[in-house]
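Student:
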Amino acid sequence: MKTMTCKELGGKCEQKLSAESWDEMVQVMTKHVMDKHPDVAKEMETMHKQDPRKWGKEMKPKWDAAPEC
Ligand SMILES: [Zn+2]
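In the working numbering, the protein residues as written are 103 to 171.
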């Protein structure tokens with residue numbers, strides 16, 4: 103289990119998000135931004151259309167670096 107904040111994942115609040123795997127974290131973060139930050143969700147959607155791997159490329163190393171807990 104790893105925990106990261108919304109902010110670390112490109113969002114805008116200090117909400118802690120936990121997941122067992124990177125795939126799960128992507129889902130948790132996607133759900134969080136759609137609930138709390140519709141504007142960020144829209145930006146991420148636009149980014150995803152331009153380059154589906156861009157967000158993951160930027161955020162995955164942070165996930166890898168986050169301590170296991
Ligand atoms: Zn947030």
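Note that beta-carbon positions come from the ideal geometry of N, C-alpha and C, so glycine has one too.
1) Which word fits Cys-108, buried or exposed, when buried means at least 16 other C-beta atoms lie within 10 angstroms of its C-beta?
2) Just curious, the alpha helix (DSSP H) that Met-136 is in, first and last residue?
3) Using the beta-carbon count (16 or more within 10 Å), is Met-106 buried or exposed?
4) Among Gln-117, Ala-121, Met-127, which residue has its Cα nearest to the Cα of Lys-138?
5) In the structure shown, what three-state DSSP assignment does Glu-116 receive?
Tutor: In this structure, then:
1) Taking the first residue of the sequence shown as 1, we reach residue 108 at position 6. It is buried - the Cβ of Cys-108 has at least 16 other Cβ atoms within 10 Å.
2) Along the sequence shown, one-based indexing puts residue 136 at 34. Here the alpha helix (DSSP H) through Met-136 covers 124-138.
3) By 1-based counting over the sequence shown, the position of residue 106 is 4. The residue in question, Met-106, is buried, as its Cβ has 16 or more Cβ neighbours within 10 Å.
4) Translated into the one-based positions of the sequence shown, residue 138 becomes position 36. Ranking the options by Cα distance to Lys-138, first place goes to Gln-117.
5) Mapped onto the sequence shown, residue 116 falls at position 14. In this structure, Glu-116 counts as coil in the three-state DSSP scheme.
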